[in-house]
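Peer 1: Counting along the sequence shown from 1, when you hit position 338 you're at 363 in the working numbering, and nothing is skipped either side. Yeah, the Cβ is synthetic: ideal placement off N, Cα and C, and Gly gets one too. These numbers come from a predicted model, not from an experiment. Structure provided below as structure tokens; questions to follow.
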Amino acid sequence: MFKKILIANRGEIALRVIRTCKEMGIKTVAVYSKADADSLHVRFADEAVCIGPAPSSESYLKIPNIIAAAEITNSDAIHPGYGFLSENAKFSRVCQENNIKFIGALPEQIESMGDKASAKMTMKNAGVPTVPGSDGLIEDLKDAKKMAKEIGYPVMIKATAGGGGKGMKVIWEEKELEESLEKAMREAQAAFGNAGMYMEKFVEEPRHIEIQIAGDQFGTFCHMSERDCSVQRRHQKLVEETPSPFMTKALRKAMGEAAIKAAAAVDYEGVGTVEFLVDKHRNFYFMEMNTRIQVEHTITEEVITYDLIKEQIKIAAGIPISGKNYEPTMHAIQCRINAEDPFNDFRPSPGRITNYHEPGGHGIRLDTHVYAGYTIPPNYDSMISKLITVAQTREEAILKMQRALDEYIIEGIKTTVPFHQALFKNEDFRAGNYTTKFMESFNIEDYQ
Ligand code: MV4
Numbered sequence: 026m027f028k029k030i031l032i033a034n035r036g037e038i039a040l041r042v043i044r045t046c047k048e049m050g051i052k053t054v055a056v057y058s059k060a061d062a063d064s065l066h067v068r069f070a071d072e073a074v075c076i077g078p079a080p081s082s083e084s085y086l087k088i089p090n091i092i093a094a095a096e097i098t099n100s101d102a103i104h105p106g107y108g109f110l111s112e113n114a115k116f117s118r119v120c121q122e123n124n125i126k127f128i129g130a131l132p133e134q135i136e137s138m139g140d141k142a143s144a145k146m147t148m149k150n151a152g153v154p155t156v157p158g159s160d161g162l163i164e165d166l167k168d169a170k171k172m173a174k175e176i177g178y179p180v181m182i183k184a185t186a187g188g189g190g191k192g193m194k195v196i197w198e199e200k201e202l203e204e205s206l207e208k209a210m211r212e213a214q215a216a217f218g219n220a221g222m223y224m225e226k227f228v229e230e231p232r233h234i235e236i237q238i239a240g241d242q243f244g245t246f247c248h249m250s251e252r253d254c255s256v257q258r259r260h261q262k263l264v265e266e267t268p269s270p271f272m273t274k275a276l277r278k279a280m281g282e283a284a285i286k287a288a289a290a291v292d293y294e295g296v297g298t299v300e301f302l303v304d305k306h307r308n309f310y311f312m313e314m315n316t317r318i319q320v321e322h323t324i325t326e327e328v329i330t331y332d333l334i335k336e337q338i339k340i341a342a343g344i345p346i347s348g349k350n351y352e353p354t355m356h357a358i359q360c361r362i363n364a365e366d367p368f369n370d371f372r373p374s375p376g377r378i379t380n381y382h383e384p385g386g387h388g389i390r391l392d393t394h395v396y397a398g399y400t401i402p403p404n405y406d407s408m409i410s411k412l413i414t415v416a417q418t419r420e421e422a423i424l425k426m427q428r429a430l431d432e433y434i435i436e437g438i439k440t441t442v443p444f445h446q447a448l449f450k451n452e453d454f455r456a457g458n459y460t461t462k463f464m465e466s467f468n469i470e471d472y473q
């Protein structure tokens, strides 16, 4: 087992990893930027190293600084959390070259999942369902027109170097194709340095349902049920829940098996997530594979009573998994609490938290790095905490969440607590009747 792990991240996830390390008897090293000197991850780690000024590009994304911090502290592994360098092939490779275990995917795996058109081909060849579309990249306009006619409008064009909603466009009819394709290629070239585009059928009003998986160094895999992440705004998830209200026993089995096929196709080691689009007929299609721990891993932990960070560390240390699949026995919901003003287009609201009180009681979990008197720096993402409830049924988990939101006091900044309070009053949400289009018609003012 590792003796000392450096956590190359900040905020709640850095704290989350430190907690598990302590429970496993592993020493921890925090790294922090000058803006984060007062952060709890710095206080709770055994050691802390300042790695640069506030901008991420000069601190949390600066590979030489992080490697130097690992070297001087004698760390034998690095946990990258999510975001920042967690899916950076170069960082994974540099760790390898410096004999530091990267608790995440191998560089080749990150690279193979990073090119979306080739990742899709890999999955299709492995027997994982994919959205009908082009085999590989669009060659030219003539090729695109022919392809779109075969697939049938509406179609979607996606940048092969994109992902997470970046670099994609819907095309409803042939006359839009030329202009949209040219524009999309220009944008992809500017954003990713790669103009390559592929095409697929546009799935209307899909749900975003992802499967948590794990694979060990001996080729054993398991799936750990799903998370429904359809409540999103501009590709930012707001609420996640498990089980999905749309799930059936048969669909869970089919998606679980497909997710394991996806992981096995790239010899995946570690914990990961396979994202699927699910249409109204319960057809499901591979979207992306995430080779990191995700923000929403908490709800899976709650319904299968399993520490996913511990699992990540054990797999990285070469300990085998059992191979048993997990079925959810409870219902869990997570609300992402952001320092944003939900009444003003979710505008960021950094600053000092003047008064703070956390909800508590049975079935409540709160993962956060903030406290009364803490100042949220403007340099990073705006999530300040994750409020999770777990109960026997969805109805109880919702009631518990409403009770917890009402108890949660955060003063001095604007937060998304009022958004969540409004959401849980919505009839469609309460009925579990929502897709990725839900937020387009949701208006917080309707609930005040
Ligand atoms: C799609 C789609 C409809 N049809 N692909 C957005 C993020 C990226 N992972 C894939 N995305 C989509 N791909 C086809 N063929 C609709 C989306 C999409 C979406 C997917 C998941 C969650 C939220 C979304 C919001 C808008 C569009």
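For Ile-329, I'd like the list of residues in its chain whose CB is within less than 6 Å of its CB, leaving aside the five on either flank, ordered along the chain.
Peer 2: Taking the first residue of the sequence shown as position 1, residue 329 is located at position 304. The answer, listed in chain order, is Met-249 and Tyr-351.
Peer 1: Hey, how far is the Cα of Ile-334 from the Cα of Val-42?
Peer 2: Counting from one through the sequence shown, the residue named residue 334 turns up at place 309. Counting from one through the sequence shown, the residue named residue 42 turns up at place 17. Those two C-alpha atoms are separated by around 7 Å.
Peer 1: Would you mind working out which of Glu-300, Ala-422 and Pro-375 sits nearest Ile-17, comparing C-alpha positions?
Peer 2: As shown, the chain starts at 26 and ends at 473. That puts residue 17 outside it, with no answer to give.
Peer 1: Taking Val-156 as the reference, give the member of Ser-269, Lys-29, Met-224 and Glu-420 with the closest Cα.
Peer 2: Taking the first residue of the sequence shown as position 1, residue 156 is located at position 131. Minimum Cα distance to Val-156 is reached at Met-224.
Peer 1: On a Cα-Cα basis, can you pick out the residue from Leu-86, Cys-120 and Ala-186 that is closest to Asp-101?
Peer 2: Numbered from its first residue, the sequence shown carries residue 101 at position 76. Of the listed residues, the one whose Cα sits closest to Asp-101 is Cys-120.
Peer 1: Over the uninterrupted beta strand (DSSP E) stretch that includes Gly-295, give me the two end residues.
Peer 2: By one-based count along the sequence shown, residue 295 stands at place 270. Per DSSP, Gly-295 belongs to the beta strand (DSSP E) from 295 to 303.
Peer 1: Ordered along the chain, which non-local residues of its own chain (more than five positions away) have a Cβ less than 6 Å from that of Pro-132?
Peer 2: Along the sequence shown, one-based indexing puts residue 132 at 107. Cβ neighbours of Pro-132 beyond the five flanking positions: Ala-114, Ser-117 and Arg-118.
Peer 1: Hey, would you say Glu-293 sits closer than 9 Å to Phe-246, going by beta carbons?
Peer 2: Position 268 of the sequence shown, counting from 1, holds the residue named residue 293. Position 221 of the sequence shown, counting from 1, holds the residue named residue 246. Checking the sequence, you will find Tyr at residue 293 rather than Glu. At a Cβ-Cβ threshold of 9 Å, Tyr-293 and Phe-246 count as neighbours.
Peer 1: Less than 8 Å separating the Cβ of Gln-257 from some heavy atom of the ligand MV4?
Peer 2: For this step, residue 257 is matched to residue 232 along the sequence shown. Correct: Gln-257 has its Cβ closer than 8 Å to the ligand MV4.
Peer 1: Using the beta-carbon count (16 or more within 10 Å), is Tyr-396 buried or exposed?
Peer 2: Taking the first residue of the sequence shown as position 1, residue 396 is located at position 371. Exposed.
Peer 1: Could you spell out where the beta strand (DSSP E) holding Leu-131 opens and where it closes?
Peer 2: The residue given as residue 131 occupies position 106 in the sequence shown. No beta strand (DSSP E) holds Leu-131; DSSP gives it neither H nor E.
Peer 1: Using C-beta distances below 8 Å, list every residue in its chain close to Asn-150, excluding the 5 sequence neighbours before and after it, in chain order.
Peer 2: Taking the first residue of the sequence shown as position 1, residue 150 is located at position 125. Once the five neighbours on either side are set aside, the close Cβ partners of Asn-150 are Ala-290.
Peer 1: Decide if His-306 is buried, meaning its Cβ has at least 16 other Cβ atoms within 10 Å, or exposed.
Peer 2: Residue 306 sits at position 281 when you count from the first residue of the sequence shown. Looking at its Cβ environment, which holds fewer than 16 other Cβ atoms inside 10 Å, His-306 is exposed.
Peer 1: Check whether the Cβ atoms of Ile-236 and Gly-281 sit closer than 9 Å, and answer yes or no.
Peer 2: Residue numbering aside, residue 236 sits at position 211 when the sequence shown is read from its first letter. Residue numbering aside, residue 281 sits at position 256 when the sequence shown is read from its first letter. Going by C-beta atoms, Ile-236 is nearer than 9 Å to Gly-281.
Peer 1: Identify every run of the alpha helix (DSSP H) within the region 291 to 370, keeping only runs that are complete inside it and at least 4 residues long; order them along the chain.
Peer 2: 322 to 329 and 333 to 341
Peer 1: May I ask whether a heavy atom of the ligand MV4 can be found less than 8 Å away from the beta carbon of Val-349?
Peer 2: Taking the first residue of the sequence shown as position 1, residue 349 is located at position 324. Residue 349 is actually Lys in this sequence, not Val. No, since every heavy atom of the ligand MV4 falls outside the 8 Å radius drawn around the Cβ of Lys-349.
Peer 1: Could you check which residue in Leu-86, Lys-126, Ala-94 and Asp-453 has the C-alpha nearest to that of His-104?
Peer 2: Looking up residue 104 in the sequence shown gives position 79. Comparing alpha carbon positions, the residue from Leu-86, Lys-126, Ala-94 and Asp-453 closest to His-104 is Lys-126.
Peer 1: Quick one: what does DSSP say Tyr-85 is sitting in, helix, strand or coil?
Peer 2: Counted from its first residue, the sequence shown places residue 85 at position 60. It is coil, neither helix nor strand.
Peer 1: Would you check whether the ligand MV4 has a heavy atom nearer than 8 Å to the C-beta of Ile-226?
Peer 2: In the sequence shown, residue 226 corresponds to position 201, counting from 1. The question names Ile, but residue 226 in the sequence shown is Lys. Because some heavy atom of the ligand MV4 lies under 8 Å away, the Cβ of Lys-226 counts as near it: yes.
Peer 1: Tell me the DSSP secondary structure of Ile-236 in three-state form.
Peer 2: Taking the sequence shown and counting its residues from 1, one reaches residue 236 at position 211. Strand at Ile-236.
Peer 1: Do Glu-436 and Tyr-381 come within 9 Å of each other at the CB atom, strictly closer than that value?
Peer 2: As a working mapping, residue 381 is identified with position 356 in the sequence shown. As a working mapping, residue 436 is identified with position 411 in the sequence shown. Yes, the pair counts as a contact, with Cβ atoms nearer than the cut-off.
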